[in-house]
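Written out below as structure tokens is the structure these notes cover.
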Amino acid sequence: MPQPLPEPEFDELYREIILDHYRNPRHRDPLPNADVVAEGYNPLCGDEVELRLSFANGNIDGVSFGGRGCSISQASGSLLTDAIAGKPLDEVRRVIDMFTDMVKNPDKEPPEELGDLEALQGVAKFPVRVKCATLAWHTLEDGLKQREAGIREVRHEE
Ligand code: ZN
Numbered sequence: 029m030p031q032p033l034p035e036p037e038f039d040e041l042y043r044e045i046i047l048d049h050y051r052n053p054r055h056r057d058p059l060p061n062a063d064v065v066a067e068g069y070n071p072l073c074g075d076e077v078e079l080r081l082s083f084a085n086g087n088i089d090g091v092s093f094g095g096r097g098c099s100i101s102q103a104s105g106s107l108l109t110d111a112i113a114g115k116p117l118d119e120v121r122r123v124i125d126m127f128t129d130m131v132k133n134p135d136k137e138p139p140e141e142l143g144d145l146e147a148l149q150g151v152a153k154f155p156v157r158v159k160c161a162t163l164a165w166h167t168l169e170d171g172l173k174q175r176e177a178g179i180r181e182v183r184h185e186e
């Protein structure tokens, strides 16, 4: 097993948001009738995530998150579920783009609608940790693509 990478330094407020989501991940209840099951793995840090998604009327109807790994990867997955639950797919794709852009640009002001996700911008200064933050998001992106292709299960490697 790879060892978790050292933690970047975050502002106190952001640290609290990240630790809160790490310790109390949201949308943890499994979704037995998921339309898509997307697993993601980040070999650099040993992070694993699993997203289960169900869809209705062009919206994310249900989402569940599970996984293990460093606090950034797990907090990012939990924050993701809050950000996409019940949202139309167009909006979800936009949030994916905004988020992945934010964690690569330490000096750019994040869009306000990212809300608490802004807490993860700190990883932008630690390029080796960006994959921890983007793992759940790229796994989601792959999951949405596979759904269009009619494939239920997908595995993403970061
Ligand atoms: Zn990690």
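With my numbering as the guide, the letters of the sequence shown map in order to residues 29 to 186.
Beta carbons are placed, not taken as given, at the ideal position from N, Cα and C, and that holds for glycine.
{"Query": "Flag Asn52 as yes when its Cβ comes closer than 7 Å to any non-hydrogen atom of the ligand ZN, and as no otherwise.", "Result": "no"}
{"Query": "I'd like the span of the alpha helix (DSSP H) that includes Asp170, first residue to last.", "Result": "Val158 to Glu176"}
{"Query": "What is the DSSP secondary structure of Glu67, counted as helix, strand or coil?", "Result": "strand"}
{"Query": "Whose CA, out of Ile88, Gly74, Tyr69 and Pro116, lies closest to the CA of Thr231?", "Result": "In the structure as shown, the chain starts at 29 and stops at 186, and residue 231 therefore has no counterpart that could be examined."}
{"Query": "What is the DSSP secondary structure of Ala111, reduced to helix, strand or coil?", "Result": "helix"}
{"Query": "Go ahead and pull the three-state DSSP assignment for His55.", "Result": "coil"}
{"Query": "Cβ of Asp110 versus every heavy atom of the ligand ZN: is any distance shorter than 7 Å?", "Result": "no"}
{"Query": "Who does Ile22 pair with in a DSSP beta bridge?", "Result": "Lying outside 29 to 186, the shown extent of the chain, residue 22 is not represented and no answer is given."}
{"Query": "Comparing C-alpha positions only, which one of Leu145, Glu67 and Val156 sits nearest to Glu169?", "Result": "Glu67"}
{"Query": "The ligand ZN and Gly97: does the residue's C-beta get closer than 7 Å to at least one heavy atom of that ligand?", "Result": "yes"}
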